[in-house]
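Working notes, beginning with the structure itself.
There are 2 protein chains.
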Amino acid sequence: MATIKDVSRLANVSISTVSRVINNTAQVAPEKREAVLSAMKELNFRPNSFAQALVSKRSNCIGVLVGDLCGGPFFAQMMLGIERIVDKANKFTIVMSGNHDEYRERHAIEALLQRQCDALILHSKALSDEELLELAHGPTPVVFVNRQVPGAEDRCVWLDNREGTLCAVRHLTSQGHKEIAFITTDDMDFTDANLRFEGYKQGLEEAGIEFNEQRVVSAFPDEVGGHVAAEELLQRKVPFTAFVGFNDAMAAGGISCLMEHDIAVPQTVSVVGFDDIPYIRFIRPKLTTVKYPIEAIGEQAAELAVRMLDNKPADGIRLKFVPEMVIRDSVLPR
Amino acid sequence: MATIKDVSRLANVSISTVSRVINNTAQVAPEKREAVLSAMKELNFRPNSFAQALVSKRSNCIGVLVGDLCGGPFFAQMMLGIERIVDKANKFTIVMSGNHDEYRERHAIEALLQRQCDALILHSKALSDEELLELAHGPTPVVFVNRQVPGAEDRCVWLDNREGTLCAVRHLTSQGHKEIAFITTDDMDFTDANLRFEGYKQGLEEAGIEFNEQRVVSAFPDEVGGHVAAEELLQRKVPFTAFVGFNDAMAAGGISCLMEHDIAVPQTVSVVGFDDIPYIRFIRPKLTTVKYPIEAIGEQAAELAVRMLDNKPADGIRLKFVPEMVIRDSVLPR
DNA sequence: CGCACCGAGTTCATCGTTTTCATCTGAGGG
DNA sequence: CCCTCAGATGAAAACGATGAACTCGGTGCG
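Protein chains in written order, with our numbering: chain A, 612 to 945; chain B, 612 to 945.
Structure representation (structure tokens):
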């Protein structure tokens, strides 16, 4: 691969002159600029980004930590939002998955840092607030997604999860439902899980419905888990006319289970999901759910990260998002 | 961030010695090694990967070009396979999306190359065989996924797409279906599309069924497109007892459309998808489909890439994959 | 006339590593 | 007792770029 030296030799100028035309950092006589340009083209020259990064202390990379890229479309959608912004800022994204595991999340962040990312966007689930706060105090700008880290509130872009399940329950109670179950994740260390659970309880309370822990079942937060949880719920023989899913995947799995038991959805049991992932529009019945504007959240997080590393003010960046109901066909009035 | 110099000073040795203990590249007296190790820990030292890459001409990165990370779980699954292998080789992955666009694919590859990736794994759809072949002749090892580039067959990891739709049609004909439609993508430049179409026609031919182009409809290859295409198929009033979807998403969209028209699936119309993406187990009816072992393909591609950049022989690497039917509930005998 | 200034170049130090080569030490053989 | 040799260590030259400092004519102004 050709270097800047080769170009300078071919164009009969010094390497600094070449550097100048590359970076447009100072004026260069038109004929020399032409010479450099054509030499660059002839040698198919592209600046070595490592050399650039080494001396300029800028890698032009933004590191992103996600849970997983495959557990569903959730993180993929977030990446879409992030990449749109990062791309616009002429930078690159490096993604690493933490797989919801403390050790691996830490490792991934280390790797991102070692690669001298200019900024980090972290969707950490397993690391403690303290550890994250310490990171935030480090030299590299950090943005947290989907989590409020105490002491770094101005760097957190998040959705009000409590409000989400609260909406879901309100929607159901407004339709006359009183026996509302909750199919949730078995990983209750996860802040989201707690908040969604609280929203659920608050919704019941608002409607004057007594909370019954028999109506709460938990399992792995995917389709299979939803299926398993619904099975358990049925076995408990506690009546319910509706359930709220921790996420759409669990809701879909739960519906799948009910149907196998010949329980009609939504005629017998109404269902509300959470997230509004793309495919749930295509399951039967079309799922009523709470929209998690993850793409927009990714965009704002990326925007914030870009601003931070440019030391620009973070004006107009939305930190808190509020969920919205998406009404489809899986809820019927009681 | 601490540098190797800081470490050497603290440990009272030369930087070469530090480098030696980092890389285990030569023997170092035990007490010095200890001193270095503890100094490294104390300073929280991590080698600057740019400096390393600059001098050693190795970035330890493998660049991946995908279509999109969000159009469905397809590429995410591929990444899962790739990352597993790359991680095992103690390297990193850099992903870029080409968004199925010629210009953007080229740009993404350029970016990957400029970042001095040690090897490239490309899922290119828009670039020409010639262009890819030229890349393959360049200094950076390249592996192509899901495409056979003439002249670089030993670097292509791919699925026999023709065989896939062939299987699908065979499955339907074996169940007595004769009027079989095909809901396909509108982007017929795409090699996969052509091969799947050929498989469909071949399947009909084998069963002695005359091909009727009225039974082929095309649209954007996602759920919405499937819906649109099915709508058109119905409008054409050409009878069909089954259809094969270009992919699962289109099949799901198509089913969704049929149901809205009160056409029962699979009682009235049987459906076979393609890909076996995770969620289609949860749509009603559970979709019978052709499995696209994309995760395994990703693994093999990554393995090949790693071998190539180590100049190791590519023994035992599977290049061609054969699709398999996954029988679920969306096909009924005629 | 002399001086400051200006634009357009060049030279050179620098970034944080790896790696080659030279140096030094001490042990063992003749 | 000296020479050789191996093993441990350090000094210094890359790697490819950037950017500060400097050079060199040529202007404009007091």
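We put the CB at the ideal spot given by N, CA and C, even for glycine. Since the model is a prediction, treat every value here as computed from it, not as a measurement.
What does F893(A) reach in chain B if we use C-beta pairs closer than 7 Å?
Going along chain B in sequence order, the residues near F893(A) (Cβ under 7 Å) are E834, A863, G864, S867 and I894.
Cα-Cα separation between V756(A) and R657(A), rounded to whole angstroms
Rounded to whole angstroms, the separation of the alpha carbons of R657(A) and V756(A) is 34 Å.
In this structure, what does DSSP give as the bridge partners for S829(B)?
Paired residues: T795(B).
Would you say Y903(A) lies against chain B (beta-carbon separation less than 9 Å)?
It does not; no Cβ of chain B falls within 9 Å.
Would you decide whether M583(A) is buried or exposed? Buried here means 16 or more other CB atoms lie within 10 Å of its CB.
Any question about residue 583(A) goes unanswered here, given that chain A covers just 612 to 945.
Please list the partners that Q911(A) has in chain B, where partner means a Cβ-to-Cβ separation under 9 Å.
Ordered by position in chain B, no residue passes the 9 Å Cβ test against Q911(A), which lies about 17 Å from the chain.
Below 9 Å between beta carbons: does that hold for V795(B) and M861(B)?
Checking the displayed sequence, the identity of residue 795(B) turns out to be Thr instead of Val. Yes, these two residues count as a Cβ contact at 9 Å.
Give the range of the alpha helix (DSSP H) segment to which I938(B) is assigned.
That residue, I938(B), is in no alpha helix (DSSP H); it is neither H nor E in DSSP.
Please say whether V855(A) and V883(A) have beta carbons closer to each other than 9 Å?
V883(A) places its beta carbon less than 9 Å from that of V855(A).
Is the distance from the Cβ of A841(B) to the Cβ of I866(B) below 9 Å?
Taking 9 Å as the cut-off, the beta carbon of A841(B) is found closer than this to the beta carbon of I866(B).
May I have the straight-line CA-CA distance separating G909(A) from T852(B), to the nearest angstrom?
Each residue's Cα considered, the two are about 44 Å apart.
Pick from E935(A), V876(A), D886(A) and N659(A): whose alpha carbon is nearest that of D833(A)?
That would be D886(A), whose Cα lies nearest to the Cα of D833(A).
Do N671(B) and F703(B) have their CB atoms nearer than 9 Å?
Yes; because the gap between Cβ atoms is below 9 Å, this pair is in contact.
Please check if any C-beta of chain A sits within less than 9 Å of the C-beta of M870(B).
It does; some Cβ of chain A falls within 9 Å.
Alpha carbon to alpha carbon, how far is L680(A) from A687(B)? Give it in angstroms, no decimals.
Each residue's alpha carbon lies about 6 Å from the other.
Going by DSSP, what residues sit across from D729(B) in a beta bridge?
According to DSSP, which records beta bridges pairwise, D729(B) is partnered with nothing at all.
Taking only runs that begin and end inside the region 831–896 of chain A, name each unbroken alpha helix (DSSP H) of 4 or more residues, in chain order.
For the alpha helix (DSSP H) assignment, the uninterrupted runs of no fewer than 4 residues enclosed by the region 831–896 of chain A are, from N- to C-terminal side, 834–846 and 859–871.
Short Cβ contact (9 Å threshold) for I673(A) with A907(A):
No; because the gap between Cβ atoms is not below 9 Å, this pair is not in contact.
Pick from A779(B), I905(B) and E824(B) that is closest to D898(B), judged by C-alpha positions
A small correction: the amino acid at residue 898(B) is Leu; Asp does not occupy that position in the sequence shown. Per the Cα distances, A779(B).
Check the Cβ of I705(B) against every Cβ in chain A and list those closer than 7 Å, keeping chain order.
In chain order: I705.
Helix, strand or coil: how does DSSP classify K789(A) here?
The three-state reading of DSSP puts K789(A) in coil, since its state is none of H, G, I, E or B.
Hey, does G683(B) have any beta-carbon neighbour from chain A nearer than 9 Å?
Interface residue (Cβ-Cβ distance to chain A less than 9 Å): G683(B) is classified as such.
With a threshold of 7 Å on Cβ separation, who are the neighbours of R631(A) within its own chain once the five nearest residues in sequence on each side are excluded?
Taken in chain order, the residues that qualify are A637 and V639.
Pick helix, strand or coil for M707(A), following the three-state DSSP scheme.
The three-state reading of DSSP puts M707(A) in strand, counting E and B together.
With 9 Å set as the bound, which would you pick, yes or no: does the beta-carbon of N805(A) sit closer than that to a beta-carbon of chain B?
No, N805(A) lies away from the interface with chain B (no Cβ there is under 9 Å from its Cβ).
Run the CB neighbour count on E764(A), radius 10 Å, all protein chains shown included, and call it buried at 16 or more, exposed below.
That one is exposed.
Compute the Euclidean distance between the alpha carbons of L815(B) and F893(B), then round it to the nearest angstrom.
Taking the straight line from one Cα to the other gives about 30 Å.
L744(B): first and last residue of the uninterrupted alpha helix (DSSP H) it sits in:
In the DSSP assignment, L744(B) falls within the alpha helix (DSSP H) that extends over D740 to H748.
Taking Cβ positions, are M707(B) and V753(B) nearer each other than 9 Å?
The answer is no: Cβ separation not under 9 Å.
State the DSSP-derived secondary structure class of K643(B), mapped to helix, strand or coil.
Reduced to three states, the DSSP call for K643(B) is helix.
Answer with buried or exposed for P934(A), where buried requires no fewer than 16 other C-beta atoms within 10 angstroms of its C-beta.
By the neighbour-count rule (16 or more Cβ atoms within 10 Å), P934(A) is buried.
Nearest neighbour of T802(A), chosen from D771(A), I874(A) and R644(A) [CA to CA]
Between T802(A) and the set D771(A), I874(A) and R644(A), the nearest pair of CA atoms involves D771(A).
Starting from the beta carbon of R669(A), find every residue of chain B whose beta carbon is closer than 8 Å, and list them in chain order.
Per Cβ cutoff of 8 Å: no residues; R669(A) is ~10 Å from chain B at best.
With a cut-off of 8 Å on the beta carbons, I'd call T776(B) and R826(B) a contact; round off their distance for me.
Wrong, their Cβ atoms sit about 13 Å apart, outside the cutoff.
Give, in chain order, every unbroken run of the beta strand (DSSP E) that is at least 3 residues long and sits entirely within the region 899–928 of chain B.
If we require 3 residues or more, the beta strand (DSSP E) runs fully inside the region 899–928 of chain B come out as 900–902.
Does chain A have any CB closer than 9 Å to the CB of Q721(B)?
The sequence shown places Glu at residue 721(B), not Gln. So, interface residue.
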